[in-house]
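Those protein sequences? They're chains A and B, same order as listed.
My numbering applies: residue 1 is where the first sequence begins, and numbers increase by one.
My numbering applies: residue 275 is where the second sequence begins, and numbers increase by one.
What follows is a short report on a single structure.
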Amino acid sequence: MNNPYIPNLTLIESIKEETPNIRTFRLRLIDEDLREKFDFKPGQFIELSVFGYGEAPFSISSPPHIKGRFEVTIRKTGVVTSALFSLEEGSVVGIRGPFGRGWPLEEIKGKNLIIIGGGIGIAPLKPVIECIIKDRNKYGNVILLYGARTPKDIVYKEELSLWSNYIDVHLTVDKPGPEWRGKVGVVTTLFDYIKVDPENTYAFQCGPPIMMHFVTKKLLELGIASDKIFLSLERLMKCGMGFCGHCSIGGKYVCRDGPVFSFQEVKGFLEEAI
Amino acid sequence: METTRIISKDDIVELIDRFIVAYQVIAPSVIDDRVMYKYVSDASEVDLEYRGHTLLPPKRFFFPEKEMLFTYEISDKGTVSIYDKCEELKGLQRVFIGIKPCDISSLKILDKVLISEFHDPYYAIRRNNTLLIGITCSEPLDYCFCYYTGSGPSTDDGYDLLLTDLGEEYLVRIGSNRGLMLIKYNIDLFKEANEEKIALAKKLIEEAELKMREQGLPSFENIYEVMIKNFNSKIWEEYGRACLACGKCNFTCPTCTCFDIFDEVNLDLKSGRRMRVWDSCHFLSFTQVASGEIFRKSRPSRVKQRIYHKYCYSLDEIGVISCVGCGRCIEVCTARIDLRDVIRRLYGYE
């Protein structure tokens with residue numbers, strides 16, 4: 001019997017600085033057998049251990065067709081992430097998972113998709129975009145709306161310019177600097193620049209609760225059905241298995257039944273915040 | 275499987291002493307004027323005639339309030355080794371005697387949660403390696419309502435042996451092959467039971483049921499619909515204001531399983547251990563994430579979370595309510611929130 005609480009040892013292969021407080025860590029499981037078997041779906045997450053500091057959940061931000069290694073993009077915010085930022089390439093961490101349910105990529109084949117990301121919330125959406133680009137002709141019109149606080153908080157700058165060759169990319173920032181030539185305003189303002197066919201369009205979103213609240217409202221106004229609006233919810237999942245209770249929403253657990261939910265599934269229970 | 279035996283009160287003392295030689299034995303015992311489950315080293319410590327239930331539920335013997343999951347050590351080269359604490363549990367052999375039906379029912383609920391799609395090995399190993407000798411309840415306490423939740427004063431399954439106190443002796447029901455083996459190994463202490471004794475046990479259980487039924491609680495049949503209908507009821511605001519968010523109801527609840535996970539570091543800073551401790555959905559920090567966001571900020575939303583989990587979400591998750599009607603949360607609540615009043619009001623009784 002495998003003990004699901006025991007992390008599998010994992011090497012930090014490389015670290016990339018995305019913004020002053022966001023880094024992408026490329027990870028490689030040390031055990032060869034586990035490395036070969038490791039498979040996941042876009043939107044799933046892992047529990048990452050920094051020994052001595054604890055464990056925290058992070059979405060996988062690389063696509064599953066890249067084998068043998070995977071990436072997590074992390075903002076320095078708490079105890080575990082601060083400890084992680086002090087580690088160098090070649091350090092050993094632990095991972096458990098992957099856990100949860102990802103984005104419904106099969107369901108959206110042949111359909112249009114609006115992807116809405118706010119800040120670091122674009123991390124779990126990155127593998128979605130990369131899977132779509134890999135099989136571009138299997139999907140309809142795809143739009144990315146991405147908002148960051150300031151121009152220097154934009155994550156995946158190189159990727160964004162690459163993606164714009166395949167999908168329709170719109171960027172905005174809340175507070176522009178003197179160099180910024182792009183749009184200014186919260187992410188919902190980007191809806192003014194796009195055309196939506198609500199019958200054939202799905203929406204995937206991830207960002208701060210306040211963003212998802214207003215984006216959901218906007219999507220419903222546009223006539224997109226609540227079972228076609230998907231959100232990746234943030235909670236502090238401790239165990240990943242539906243035991244510890246921290247991520248309970250209604251009869252569902254974000255760790256086991258999510259983190260990706262349709263708005264339809266959770267709307268009755270999102271009491272105080274998305 | 276259902277067969278019955280009789281054991282005298284003298285012989286049960288002998289049986290417990292025999293268990294103590296071969297097993298670790300957990301039993302009800304008086305500590306500071308309260309009956310608690312504890313490890314006993316002599317049959318004289320055991321009190322099988324206690325009223326109602328113990329102050330604390332049995333879960334800590336299967337899912338301790340604080341437990342080490344593994345230890346780790348980082349070498350000078352930076353490699354990490356992990357030692358799984360589960361390994362130490364595998365040799366465990368225990369007998370848990372004197373556990374009441376409400377508490378047996380609570381273990382059946384914990385099984386559904388912790389031994390499901392995922393497997394909590396720390397719980398599962400302890401559960402597998404522990405024989406349960408239950409005892410039916412003849413004298414429920416004032417706040418017991420297990421009759422309504424279908425979890426007492428007797429139970430039809432979930433035990434290896436089940437005793438009923440007949441005055442000078444116990445009726446023994448056999449609930450498993452392991453229970454049958456226990457009797458076979460101690461055959462000299464047991465007698466055959468006759469119809470009269472079985473009927474007496476049945477009568478005692480029915481009397482206990484009658485005592486509880488005087489409370490006039492609604493039947494829990496359509497509780498799910500009642501809960502859904504009352505999601506925005508004003509009563510939650512009221513109970514939320516009263517609640518002190520102390521978490522005692524969680525810690526004394528036999529079915530609450532919420533926990534936190536964290537690391538403890540040794541002074542060498544190179545080694546340490548991963549721990550888990552019970553947590554409470556009533557605590558403000560329970561839903562806090564690293565960015566500072568708290569998803570259930572108001573006390574009413576947290577009071578609701580616990581009660582909805584027990585009577586509504588649990589039906590979605592495991593198909594049964596996760597309340598066994600023990601009333602421990604009623605007994606310990608400083609704010610005097612009585613779950614039975616909550617239920618009566620939800621059903622519109624008052």
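Here a beta-carbon is modelled for each residue, glycine too, at the ideal position from N, C-alpha and C.
Query	Result
Could one say the Cβ of Phe336 of chain B lies closer than 8 Å to chain A's Cβ atoms, at least one of them?	no
Determine, using beta carbons only, whether Thr404 of chain B and Arg368 of chain B come nearer to each other than 8 Å.	yes
Count the other CB atoms, across all protein chains shown, that sit within 10 Å of the CB of Gln264 of chain A; report buried if there are 16 or more and exposed otherwise.	exposed
Compile a chain-ordered list of the residues in the stretch 74-89 of chain A whose CB is closer than 9 Å to at least one CB of chain B.	Arg75, Thr77, Gly78, Val79, Val80 and Thr81
Would you say Ile389 of chain B lies against chain A (beta-carbon separation less than 8 Å)?	no
What's the gap between the Cα of Gly449 of chain B and the Cα of Asp434 of chain B?	5 Å
May I ask you to list the residues that DSSP assigns as paired with Thr188 of chain A?	Paired residue(s): none; Thr188 of chain A is not in a bridge.
In angstroms, rounded to a whole number, what distance separates the CA positions of Glu512 of chain B and Leu613 of chain B?	13 Å
Give me the chain B residues within the contact set of Leu29 of chain A, using Cβ-Cβ distance strictly less than 8 Å, ordered along the chain.	Simply none; closest approach about 13 Å.
Does DSSP put Tyr417 of chain B in a helix, in a strand, or in coil?	coil
Can you confirm whether the stretch 560-574 of chain B touches the stretch 535-549 of chain B when touching is taken to mean that 3 or more C-beta pairs between the two stretches lie within less than 8 Å?	no
Compare the Cα-Cα distances from Lys67 of chain A to each of A:Leu231, A:Asp33 and A:Ile129 and report the closest residue.	A:Asp33
Among A:Val128, A:Ala225 and A:Gly121, which residue has its Cα nearest to the Cα of Trp103 of chain A?	A:Val128
Inspect the beta-carbon positions of Leu48 of chain A and Arg28 of chain A and report whether they are closer than 8 Å.	no
Quick one: which residues of the stretch 42-53 of chain A get their C-beta closer than 7 Å to a C-beta of chain B? List them in chain order.	Phe51, Gly52 and Tyr53
Output the boundary residues of the alpha helix (DSSP H) element that contains Pro574 of chain B.	Arg573 to Tyr582
Grouping DSSP H, G and I as helix and E and B as strand, with all else coil, what is Cys517 of chain B?	coil
With 8 Å set as the bound, which would you pick, yes or no: does the beta-carbon of Asn3 of chain A sit closer than that to a beta-carbon of chain B?	yes
Indicate the three-state DSSP secondary structure (helix, strand or coil) for Ala564 of chain B in the structure shown.	coil
What are the residues that DSSP puts in a beta bridge with Ala307 of chain A?	What is shown of chain A runs 1 to 274, which leaves residue 307 of chain A out entirely.
What residues in the stretch 121-139 of chain A have a beta carbon less than 9 Å from any beta carbon of chain B?	none
By the three-class DSSP mapping on this structure, what secondary structure does Arg292 of chain B have?	helix
I think Ser282 of chain B touches Glu442 of chain B, with their Cβ atoms under 8 Å apart; what is that distance to the nearest whole Å?	7 Å
Apply the 10 Å Cβ neighbour rule to Tyr193 of chain A and answer buried if 16 or more other Cβ atoms are within range, or exposed otherwise.	exposed
Measure the Cβ-Cβ separation of Tyr585 of chain B and Met455 of chain B and say whether it is below 8 Å.	no
Within 8 Å, do at least three Cβ pairs link the stretch 143-151 of chain A to the stretch 167-187 of chain A?	yes
Per DSSP, Gly54 of chain A forms a beta bridge with which residues?	A:Val50
Taking the alpha carbon of Pro7 of chain A as the point to measure from, which residue in A:Glu234, A:Arg96, A:Ile60 and A:Ser14 has its own alpha carbon closest?	A:Arg96
Can you check whether the C-beta of Gln562 of chain B is within less than 8 Å of a C-beta belonging to chain A?	yes
I want to see whether chain A comes within less than 8 Å of Tyr585 of chain B, judged by CB atoms only; does it?	no
Among residues of its own chain, excluding the 5 on either side of Asn21 of chain A, which ones have a beta-carbon nearer than 7 Å to its beta-carbon?	Arg75 and Lys76
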